[in-house]
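Visitor:
There are 2 protein chains.
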Amino acid sequence: MYPLRKPRAPRQAQSLERIFQPVRQELEEVDSRLKALAAGAPPAYREMLGYVLDSRGKRLRPAIALLASKFYPLTTDRPITMAMAVELLHLASLIHDDTVDNSSLRRGLATASSLWGRDVAVLLGDYVFSLSATFVCDTGNMYVIRRLSETIRDLSQGELLELLAAFRWDQTYEQYQERIYYKTASLFRTAAEAGAVLSEAPEATVHALADYGYHLGMAFQLVDDILDFQATEEEVGKPVGNDLLQGTLTLPALLLVQSYPNDNPVIRLCRGEEREANRKRAVEVILNSTILRDSYAVAEQFCEKARAALQGLPPVPAHQSLLDLVGHVTARRR
Amino acid sequence: MYPLRKPRAPRQAQSLERIFQPVRQELEEVDSRLKALAAGAPPAYREMLGYVLDSRGKRLRPAIALLASKFYPLTTDRPITMAMAVELLHLASLIHDDTVDNSSLRRGLATASSLWGRDVAVLLGDYVFSLSATFVCDTGNMYVIRRLSETIRDLSQGELLELLAAFRWDQTYEQYQERIYYKTASLFRTAAEAGAVLSEAPEATVHALADYGYHLGMAFQLVDDILDFQATEEEVGKPVGNDLLQGTLTLPALLLVQSYPNDNPVIRLCRGEEREANRKRAVEVILNSTILRDSYAVAEQFCEKARAALQGLPPVPAHQSLLDLVGHVTARRR
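Same order as they appear, the protein sequences are chains A and B.
Per numbering that gives the first Met the number 0, the first sequence starts with residue 0, numbered consecutively.
Per numbering that gives the first Met the number 0, the second sequence starts with residue 0, numbered consecutively.
#1: Let's see if you can read the secondary structure: which residues bound the alpha helix (DSSP H) around Arg280 (chain B)?
#2: Quick one: grab the DSSP three-state call for Leu324 (chain B).
#3: Helix or strand or just coil, what does DSSP make of Ala109 (chain A)?
#4: For a contact meaning CB atoms closer than 8 angstroms, what does Arg145 (chain B) contact in chain A?
#5: Using 8 angstroms for Cβ pairs, my map puts Val218 (chain A) next to Cys136 (chain A). What's the rounded Cβ distance?
#6: Counting only C-beta atoms, is Phe187 (chain B) closer than 9 angstroms to chain A at any point?
#7: Helix, strand or coil, according to DSSP, for Leu104 (chain B) in the structure here?
#8: DSSP three-state call for Ala35 (chain A): helix, strand or coil?
#9: I'd like the list of long-range same chain contacts for Leu66 (chain A), defined as Cβ closer than 6 angstroms, with 5 residues on each side in sequence excluded.
#10: Can you tell me whether DSSP reads Lys237 (chain B) as helix, strand or coil?
#11: What number of angstroms, rounded off, separates the C-alpha of Ser129 (chain B) from the C-alpha of Leu87 (chain B)?
#12: Check whether chain A comes within 9 angstroms of Ala64 (chain B), counting only Cβ atoms and requiring the distance to be less than that.
#13: In the DSSP assignment, find the alpha helix (DSSP H) that holds Leu150 (chain A) and state where it starts and stops.
#14: Just tell me which of B:Thr183, B:Leu197, B:Pro41, B:Ala195 has its CA closest to the CA of Asp224 (chain B).
#15: Determine the direct distance from the alpha carbon of Gln174 (chain A) to that of Ala43 (chain B), and round the result to whole angstroms.
#16: Under 6 angstroms Cβ to Cβ from Leu160 (chain B), same chain only, skipping five residues before and after it: list those, please.
#17: Near Val297 (chain A), what residues of its chain come up, given a Cβ to Cβ distance below 8 angstroms and the 5 sequence neighbours on each side ignored?
#18: Taking the straight line between their C-alpha atoms, what separation do you get for Asp323 (chain A) and Glu272 (chain A)?
#19: Is there contact here, the segment 258 to 276 of chain A with the segment 205 to 213 of chain A, by at least three beta-carbon pairs under 8 angstroms?
#20: Express the C-alpha separation of Asp153 (chain A) and Arg152 (chain B) in angstroms, rounding to a whole number.
#21: Kindly confirm or deny that the segment 116 to 129 of chain B and the segment 53 to 62 of chain B touch, where touching means at least three C-beta pairs closer than 8 angstroms.
#22: Can you name the residues of chain A whose CB is closer than 7 angstroms to the CB of Ser155 (chain B)?
#23: In chain order, what are the residue ranges of uninterrupted beta strand (DSSP E) at least 3 long that sit wholly in the segment 46 to 95 of chain A?
#24: Grouping DSSP H, G and I as helix and E and B as strand, with all else coil, what is Glu199 (chain A)?
#25: Closer than 8 angstroms by C-beta to Glu299 (chain B): which residues in its own chain qualify, once you throw out the five before and the five after it? Chain order, please.
#26: Taking the continuous alpha helix (DSSP H) assigned at Leu312 (chain B), which residues delimit it?
#27: By Cβ distance, which residues of its chain are closer than 8 angstroms to Gln13 (chain B), with the 5 residues on each side in sequence left out?
#28: Whose CA, out of B:Glu192, B:Glu27, B:Asp262, lies closest to the CA of Ala308 (chain B)?
#29: Round the Cβ separation of Ala84 (chain A) and Phe19 (chain A) to the nearest angstrom and send it over; I've been treating them as touching at under 8 angstroms.
#30: Which residue wins for smallest C-alpha separation from Pro400 (chain A), given the options A:Val143, A:Leu291, A:Val205?
#31: Could you give the distance in angstroms between the alpha-carbon of Asn101 (chain A) and the alpha-carbon of Leu186 (chain B)?
#32: Checking 9 angstroms against the spacing of the C-beta atoms, do Arg145 (chain A) and Thr133 (chain B) come in under that value?
#33: With a threshold of 16 other CB atoms inside 10 Å of the CB of Leu104 (chain B), please say whether the residue is buried or exposed.
#34: Output yes or no for whether 9 angstroms exceeds the beta carbon distance between Val99 (chain B) and Glu158 (chain B).
#35: According to DSSP, is Ala298 (chain A) helix, strand or coil?
#36: Can you list, in chain order, the residues of its chain with a C-beta nearer than 7 angstroms to that of Ala200 (chain B)? Leave out the 5 residues immediately preceding and following it.
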């Protein structure tokens, strides 16, 4: 009945451009409407908005919302509006996160806080949050409006939990998992769920796509956290193990603590002893152990569940795209 | 037909407690529900939320929403929900404003940013914004949900415009007026309008109450700005003319610039010359001129329009309360 039921195994990662093909036109529309937002903003911060709304991001979250809306035929452009709200929410939280983390670069570009100061960045972030909240109203759908509000809460909660857990080497895997749900997976989930809701998909499909979004988001953040120990300083413009240096303990660091609970470089770093030397030592131990392999295995479990969530959904082109996206997430780098 | 058509002239300011009498019970409900929010929050910031949601504020904005809902009989508690959303929005913006302004005290209490650091305060503010956005969804009314989102935008815009206009002595009265609309009057307006909408008042009443809220909010901020030049350091814990010292040029300062456009202490302060001496000098000139009287006259014009907006509305007890509130705002201190 469903010819695509046995999808192509995602051995070779597809390019995002190819994966996004079924929603290429809508994504371009999202981009051009985001740019138009800056042009229509009050003169005082037209330039700032133009900068932060620029299309250098991967547009992953709006693409997920759009792809999730493609399982049932649709004549409205509500998913485009939702995709904009989702991306604006993501951008707003990045502005605040970079401000809180004192980051000077994001994707190789200067952050808002480094360009215009932290005070302006706080208010600019608020403004972008409010644009997101206003756009989601244009969908006219109470359910997704509420979900987006709850997701704003989740994002701030995730970042706040991260801040409060900084340098706490006694935190559990469950606390880490909760944090990355709030920080990342919640918005992935909302994007997928809202796309499905706005395409008037049956309830089971909405649940399946929400489930997909959740697991994809968890895998995405896990891989992000792993890459922090793998990427070289030249590639990302920050030292290997930078999260650890900032006090953010991710899965690899927690696994290291678990392996040597009494004395290890992560604990010493958290205690404020020779941070730089202990960062180096922690990276060394992590790279020369099974920790990264074990961490990828955890990410892979989430990937499996993301793929499983799609089973039985209609074999539209977006179905294959969402499957390929799972492969893309873990294959970002090994 | 309307026995209260000629309302008592607001010569003697009423106490807020007396003014709020028609909605006393609902206001208590707002307070207890706000407190319950802290108890139900994630453990990590239960204490912080409890602190910022504490009932030391005047609850002016929720009272306006509730009073505006009293012109037509109602059986739902939607105005209470709206009043909570309005107060949460106000509190969230205070948290961010205090963070941006580096204020250590608010109403004599330590600010969130001074207690837990600016980073935590940014995220705590986001969390409170999102609580507001989630609560307004509970009203189930698309119109007020959208208005609240737009008001979040206005508040951040107002504070951002203030930040960008800091030390700009060449700004116009129109720019100042626009800024205080975004910063203050917009939320007063939304509170009054939403209360009316949720009581299912006729369109003309909704417009009248929105109009009332706008003018009351403008008068409120004008008086606040005037008081900054009148209150003594002992009373408010900050120097007289503190706004000016921070670079925030309000009506009295702008009138002073207008009177002596070529050379005066405000301009010298803005140019960075002897800020402390020029603050003192500016306060002295302002207090020994007609500037405060002229500023109060502008505030009084807004008060007149706020009162006029209520003409013809049903003579319920809340009508008199809203009139008395206008008197209270300007009589806060002379």
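Even glycine gets a Cβ: it sits at the ideal position worked out from N, Cα and C.
The structure displayed is predicted, hence computed values, not measured ones.
Guide: Checking against the coordinates, here is how it stands:
#1: One-based indexing of the second sequence puts residue 280 (chain B) at position 281. For Arg280 (chain B), the enclosing alpha helix (DSSP H) covers residues 274 to 286.
#2: Taking the first residue of the second sequence as position 1, residue 324 (chain B) is located at position 325. Looking at Leu324 (chain B) - three-state DSSP - the assignment turns out to be helix.
#3: By 1-based counting over the first sequence, the position of residue 109 (chain A) is 110. Ala109 (chain A): strand per DSSP, three-state reduction.
#4: The sequence position of residue 145 (chain B) within the second sequence is 146, counting from 1. In chain order: Thr133, Cys136.
#5: For the purposes of this step, residue 218 (chain A) is taken as the residue at position 219 of the first sequence. For the purposes of this step, residue 136 (chain A) is taken as the residue at position 137 of the first sequence. Per the sequence shown, residue 218 (chain A) should be read as Ala rather than Val. The Cβ separation is near 31 angstroms, so there is no contact.
#6: Here the question's residue 187 (chain B) lines up with position 188 in the second sequence. At a cut-off of 9 angstroms between beta carbons, Phe187 (chain B) makes no contact with chain A.
#7: Taking the first residue of the second sequence as 1, we reach residue 104 (chain B) at position 105. Secondary structure of Leu104 (chain B) (DSSP, three-state): strand.
#8: Here the question's residue 35 (chain A) lines up with position 36 in the first sequence. Residue state, collapsed to three classes: helix.
#9: Within the first sequence, residue 66 (chain A) is the residue found at index 67, counting from 1. Shown here for Leu66 (chain A): same chain residues with a beta carbon closer than 6 angstroms to its own, the five before and five after excluded, namely Val22, Ala317, Ser320, Leu321 in chain order.
#10: Here residue 237 (chain B) is taken as the residue at index 238 of the second sequence, counted from 1. When DSSP states are grouped into helix, strand and coil, Lys237 (chain B) belongs to the coil group.
#11: The sequence position of residue 129 (chain B) within the second sequence is 130, counting from 1. The sequence position of residue 87 (chain B) within the second sequence is 88, counting from 1. Across the structure, Ser129 (chain B) and Leu87 (chain B) are spaced so that their CA atoms are roughly 9 angstroms apart.
#12: Walking along the second sequence from the start, residue 64 (chain B) turns up at place 65. Look at Ala64 (chain B): its C-beta is not under 9 angstroms from any C-beta on chain A.
#13: Here residue 150 (chain A) refers to the residue found at position 151 of the first sequence. The residue asked about is misnamed: residue 150 (chain A) is Thr in this sequence, not Leu. Start and end: 141 to 163.
#14: As a first step, residue 224 (chain B) is located in the second sequence; it is residue number 225 there, counting from the start. Minimum Cα-Cα distance from Asp224 (chain B) among the listed residues B:Thr183, B:Leu197, B:Pro41, B:Ala195 corresponds to B:Thr183.
#15: Translated into the one-based positions of the second sequence, residue 43 (chain B) becomes position 44. Translated into the one-based positions of the first sequence, residue 174 (chain A) becomes position 175. It is roughly 11 angstroms from the alpha-carbon of Ala43 (chain B) to the alpha-carbon of Gln174 (chain A).
#16: Residue numbering aside, residue 160 (chain B) sits at position 161 when the second sequence is read from its first letter. Once the five neighbours on either side are set aside, the close Cβ partners of Leu160 (chain B) are Arg178.
#17: Position 298 of the first sequence, counting from 1, holds the residue named residue 297 (chain A). Counting only Cβ-Cβ distances below 8 angstroms, and skipping sequence neighbours, we find Leu221, Leu250.
#18: Counting from 1 along the first sequence, the entry for residue 323 (chain A) is found at position 324. Counting from 1 along the first sequence, the entry for residue 272 (chain A) is found at position 273. Looking at the backbone, the Cα of Asp323 (chain A) and that of Glu272 (chain A) are separated by about 44 angstroms.
#19: Contact between the segment 258 to 276 of chain A and the segment 205 to 213 of chain A is absent: fewer than three C-beta pairs spanning the two stretches fall below 8 angstroms.
#20: As a first step, residue 152 (chain B) is located in the second sequence; it is residue number 153 there, counting from the start. As a first step, residue 153 (chain A) is located in the first sequence; it is residue number 154 there, counting from the start. Approximately 20 angstroms, taken between the alpha carbons.
#21: Short answer: they don't touch.
#22: Mapped onto the second sequence, residue 155 (chain B) falls at position 156. In chain order: Leu122, Asp125, Tyr126, Ser129.
#23: Secondary structure within the segment 46 to 95 of chain A: not one fully enclosed beta strand (DSSP E) run of 3 or more consecutive residues is present.
#24: Numbered from 1 along the first sequence, position 200 holds the residue referred to as residue 199 (chain A). Coil at Glu199 (chain A), not helix or strand.
#25: Here residue 299 (chain B) refers to the residue found at position 300 when the second sequence is read from its first residue. Ala218, Thr329, listed in sequence order.
#26: Start at 1 with the first residue of the second sequence, and residue 312 (chain B) comes out as number 313. Judged by DSSP secondary structure, Leu312 (chain B) falls outside any alpha helix (DSSP H); it is assigned neither H nor E.
#27: Taking the second sequence and counting its residues from 1, one reaches residue 13 (chain B) at position 14. Once the five neighbours on either side are set aside, the close Cβ partners of Gln13 (chain B) are Asp323, Gly326, His327.
#28: Here residue 308 (chain B) is taken as the residue at index 309 of the second sequence, counted from 1. Among B:Glu192, B:Glu27, B:Asp262, the Cα nearest to that of Ala308 (chain B) is on B:Glu192.
#29: Locating residue 84 (chain A) in the first sequence gives position 85, counting from the first residue. Locating residue 19 (chain A) in the first sequence gives position 20, counting from the first residue. About 18 angstroms separates the beta carbon of Ala84 (chain A) from that of Phe19 (chain A), a gap too long to meet the 8 angstroms contact definition.
#30: Because chain A is modelled from 0 through 333, residue 400 (chain A) falls outside the range shown and cannot be assessed.
#31: Position 102 of the first sequence, counted from the start, is the residue given in the question as residue 101 (chain A). Position 187 of the second sequence, counted from the start, is the residue given in the question as residue 186 (chain B). Distance between the alpha carbons of Asn101 (chain A) and Leu186 (chain B) is about 31 angstroms.
#32: On the first sequence, position 146 is the one that residue 145 (chain A) refers to. On the second sequence, position 134 is the one that residue 133 (chain B) refers to. A distance below 9 angstroms separates the beta carbons of Arg145 (chain A) and Thr133 (chain B).
#33: Locating residue 104 (chain B) in the second sequence gives position 105, where the first residue counts as 1. With fewer than 16 other Cβ atoms inside 10 Å of its own Cβ, Leu104 (chain B) counts as exposed.
#34: To locate residue 99 (chain B), count along the second sequence from 1; it is residue 100. To locate residue 158 (chain B), count along the second sequence from 1; it is residue 159. Cβ atoms of Val99 (chain B) and Glu158 (chain B): closer than 9 angstroms.
#35: In the first sequence, the residue the question calls residue 298 (chain A) occupies position 299. Reduced to three states, the DSSP call for Ala298 (chain A) is helix.
#36: Position 201 of the second sequence, counted from the first residue, corresponds to residue 200 (chain B). Taking C-beta separations shorter than 7 angstroms and ignoring five residues to either side along the sequence, the partners of Ala200 (chain B) in its chain run Phe70, Tyr71, following chain order.
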